[in-house]
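**Student:** In terms of my numbering, the sequence shown opens at residue 2 and continues consecutively.
In this text, a Cβ means the ideal position worked out from N, Cα and C, and glycines have one as well.
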Amino acid sequence: MVIERIEIHPLLHRLKQPYGDANGYKKYRSCLLFRVITRSGLDGWGECIDWLPTLTLGFEQRIIPYLLGKQATDRLQLVAVISKWHRRAAAGVSMALTEILAKRAGVSISELWGGRRRATVPVYASFQSYTDAPDWQNSSLQRIAQAISDGFRQIKVKIGGRTLAEDQAHISRLQAEYQDTVQLVLDANQSYDAAAAASWERLFCNWPNLLWLEEPLPMDRRADYKLLRATLSVPLAGGENLQSGSQFLPLLVEGALDVIQPDTMHHAGLDAYRDSLQLARQFGVRASSHAYDGALSRLYAIFAQACLAPWSKMEGDGSEPVEWDVMENPFTRLFSLKPVKGVVHVPQGVGLGVEMDEEMLRAYRWDGRIYQ
Ligand code: MG
Numbered sequence: 002m003v004i005e006r007i008e009i010h011p012l013l014h015r016l017k018q019p020y021g022d023a024n025g026y027k028k029y030r031s032c033l034l035f036r037v038i039t040r041s042g043l044d045g046w047g048e049c050i051d052w053l054p055t056l057t058l059g060f061e062q063r064i065i066p067y068l069l070g071k072q073a074t075d076r077l078q079l080v081a082v083i084s085k086w087h088r089r090a091a092a093g094v095s096m097a098l099t100e101i102l103a104k105r106a107g108v109s110i111s112e113l114w115g116g117r118r119r120a121t122v123p124v125y126a127s128f129q130s131y132t133d134a135p136d137w138q139n140s141s142l143q144r145i146a147q148a149i150s151d152g153f154r155q156i157k158v159k160i161g162g163r164t165l166a167e168d169q170a171h172i173s174r175l176q177a178e179y180q181d182t183v184q185l186v187l188d189a190n191q192s193y194d195a196a197a198a199a200s201w202e203r204l205f206c207n208w209p210n211l212l213w214l215e216e217p218l219p220m221d222r223r224a225d226y227k228l229l230r231a232t233l234s235v236p237l238a239g240g241e242n243l244q245s246g247s248q249f250l251p252l253l254v255e256g257a258l259d260v261i262q263p264d265t266m267h268h269a270g271l272d273a274y275r276d277s278l279q280l281a282r283q284f285g286v287r288a289s290s291h292a293y294d295g296a297l298s299r300l301y302a303i304f305a306q307a308c309l310a311p312w313s314k315m316e317g318d319g320s321e322p323v324e325w326d327v328m329e330n331p332f333t334r335l336f337s338l339k340p341v342k343g344v345v346h347v348p349q350g351v352g353l354g355v356e357m358d359e360e361m362l363r364a365y366r367w368d369g370r371i372y373q
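(1) List the DSSP bridge partners of GLY287.
(2) Please report the Cβ distance between LEU335 and MET357, rounded to the nearest whole angstrom; I am assuming they are in contact, meaning their Cβ atoms lie under 8 angstroms.
(3) State the CB to CB distance for the pair GLN176 and LEU212, rounded to an integer number of angstroms; the pair is presumed to be in contact (CB under 8 angstroms).
(4) I'd like the list of long-range same chain contacts for ILE371, defined as Cβ closer than 8 angstroms, with 5 residues on each side in sequence excluded.
(5) As a quick check of your reading: which residues have a C-beta less than 6 angstroms from at least one non-hydrogen atom of ligand 1, in chain order?
(6) List the DSSP bridge partners of TRP213.
(7) How close, in whole Å, do the beta carbons of THR74 and MET2 come, if the pair is a contact with beta carbons under 8 angstroms?
(8) Suppose you measure from the CA of THR333 to the CA of ALA296; what does that come to, to the nearest Å?
(9) Can you list, in chain order, the residues of its chain with a C-beta nearer than 8 angstroms to that of ASP22? Leave out the 5 residues immediately preceding and following it.
(10) Which whole runs of the beta strand (DSSP E) in the stretch 306-350 are 3 residues long or more, in chain order?
(11) In three-state DSSP terms, what is PRO267?
(12) Between SER41 and ARG363, what straight-line distance do the alpha-carbon atoms span, to the nearest angstrom?
(13) Quick check: the stretch 239-251 against the stretch 10-27, are at least 3 beta-carbon pairs closer than 8 angstroms?
(14) Which partner residues does SER127 have in the DSSP bridge list?
(15) Does DSSP put VAL82 in a helix, in a strand, or in coil?
(16) What does the alpha-carbon distance come out to for the pair ALA302 and PRO311?
(17) Just grab the DSSP bridge partners of GLY239 for me.
(18) Can you list, in chain order, the residues of its chain whose CB lies under 8 angstroms from that of GLN373, leaving out five sequence neighbours each side?
(19) Counting only the same chain and skipping the five closest in sequence on each side, list residues whose C-beta sits under 7 angstroms from that of GLU255.
(20) If I follow the unbroken alpha helix (DSSP H) through PRO66, where does it start and stop?
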C-alpha cells in the first residue's frame, strides 16, 4: 500500500455568462482532480478547489513529494500534516486514500463506513440566481423551469444579492408558478442583518413549501440566529464554510440552527467531515450536506448521507437532501451519476462504484496561463 505515483489534472472552464449569489459573480469554474496510485496498482481519486496556480505548485512542490513512499493506510496522520498546509488539499487526499482502502477491502465506500441506511438520497437543484443582465429574473425562472422538467422537486435559489423588494418580487414570481410543485430553499449567503431577514416572514407565513432559510446572517451571530429561529415560521440552516465539529458545536448547543450543512471539502478530511455530520444526530437536528464545488466531493456527501441513521419520523420525506449544482459547470458531470426524479441511487460497487469520464480530464485541462 505504498504510495508510488500521483497524477494531477487541473481543470478550467470559463463561463459564457458569469453568474452568482449575494457575494458576487463567478467567471469560471475549476477543479483539481488527482489520482493517487500505490505500488500494488490500487488507485484513488482526490478533488480540491482553489486557484489552480496555487494548487498545482502546492501539489508539485510539497504535497506529492511528501506523500510518495508513505503508506496509503496511514490516512489520518497524512491528512493531519497536509491540513496544516492546505485544508482543501487535505480533504482531497483523504478522498483518494479512502477509495484505495475500500478497493483493498473489496467493498463500497458506504460499506467501509458501516453500511448504507438507504438506497437513495434526495438531491436538490442548486441555482446561482444572479447575472448582470437586466432580465436576470426571467433567466432564473427559465433555469428553474428546466430543472423541474428534468425531475427535480427540491430547489435552492439565492436571495440577498439585490434589494429586498427585487428579491421578494423574484421569489414571489417563482412561488406563483411553482409553489405546488417544488420544495424551496432560500439562501442569503450570510448577507442580511436580523431585521432584513425577519422582513421575509410576512411572505414565509404563506409559503408552506419552504424547506429552509439558509444562512440569512453571518454565522457568528448566534444570538440573532436563535432569535430568528424563534420568530420565523421556516427552519434555519447553515454552516457550509465551517471547518470542524468544534465550530458547529456552539450553534448546536445554543439551539441556533435546525439544519447543519457541513461540506466535505471544507473539513480537514472526510473523517472530520463525517464527525460534523454525526453531530446532527447527537443534537437531534437535520443534516444536509453542502456540495457545491465538485462532483467527487458531492459523491462522498451522498455516501455519507446514505450512511447516516434515519432522522426521526420524517425519514423518507426528503428533508435531508444533498446539494446538486445545476448551473453551467461541466465538472459536475465528471462521474456517471445522475439524479432521476430528484433522487440519486447510492452506488454499490467496489470503491466509488461509478466511472470517471477521463475524456473530460483532457478536454478541460487548464493550459497553465494565469486567469482571474
Ligand atoms: Mg449556502
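**Tutor:** By the coordinates alone:
(1) Numbered from its first residue, the sequence shown carries residue 287 at position 286. Note that residue 287 is Arg in the sequence shown here, rather than Gly. Its beta-bridge partners are VAL260.
(2) As a first step, residue 335 must be located in the sequence shown, where it is residue number 334. As a first step, residue 357 must be located in the sequence shown, where it is residue number 356. Confirmed, about 6 angstroms.
(3) Working through the sequence shown from its first residue, we reach residue 176 at position 175. Working through the sequence shown from its first residue, we reach residue 212 at position 211. Not a contact, Cβ separation roughly 13 angstroms.
(4) Locating residue 371 in the sequence shown gives position 370, counting from the first residue. Excluding sequence neighbours, ILE371 sits near PRO54.
(5) ASP188, ASN190, GLU215, GLU216 and GLU241
(6) Reading the sequence shown from its first residue, position 212 is the one you call residue 213. Beta-bridge pairing links TRP213 to VAL186.
(7) As a position in the sequence shown, residue 74 is number 73, starting the count at 1. As a position in the sequence shown, residue 2 is number 1, starting the count at 1. Between MET2 and THR74 the Cβ distance is about 5 angstroms, and since that is below 8 angstroms, they are a contact.
(8) Here residue 333 refers to the residue found at position 332 of the sequence shown. Here residue 296 refers to the residue found at position 295 of the sequence shown. Near 5 angstroms, if we compare the C-alpha coordinates of ALA296 and THR333.
(9) Counting from 1 along the sequence shown, the entry for residue 22 is found at position 21. Within the same chain, ASP22 has close Cβ partners GLN129, SER130, TYR131, LYS159, GLY161, GLY162, ASP188 and ASN190.
(10) 323-326 and 344-346
(11) The residue you call residue 267 lines up with position 266 of the sequence shown. According to the sequence as given, residue 267 is His; it is not Pro. Looking at HIS267 - three-state DSSP - the assignment turns out to be helix.
(12) Numbered from its first residue, the sequence shown carries residue 41 at position 40. Numbered from its first residue, the sequence shown carries residue 363 at position 362. Their backbone Cα atoms lie some 26 angstroms apart in a straight line.
(13) no
(14) Here residue 127 refers to the residue found at position 126 of the sequence shown. Within the DSSP secondary-structure output, SER127 pairs in a beta bridge with LYS157 and ASP326.
(15) Reading the sequence shown from its first residue, position 81 is the one you call residue 82. It is helical.
(16) Residue numbering aside, residue 302 sits at position 301 when the sequence shown is read from its first letter. Residue numbering aside, residue 311 sits at position 310 when the sequence shown is read from its first letter. Taking the straight line joining both Cα atoms gives about 16 angstroms.
(17) Your numbering for residue 239 matches position 238 in the sequence shown. For GLY239, which the question treats as bridged, DSSP gives the partners ILE261.
(18) The residue labelled residue 373 in the question sits at position 372 within the sequence shown. If we look at GLN373 and ignore the five residues flanking it on each side, its Cβ neighbours are LYS28.
(19) Within the sequence shown, numbered from 1, the residue matching residue 255 stands at position 254. In its chain, beyond the 5 residues on either side, ARG223 and LYS227 have a beta carbon closer than 7 angstroms to the beta carbon of GLU255.
(20) On the sequence shown, position 65 is the one that residue 66 refers to. Its alpha helix (DSSP H) spans residues 65-68.
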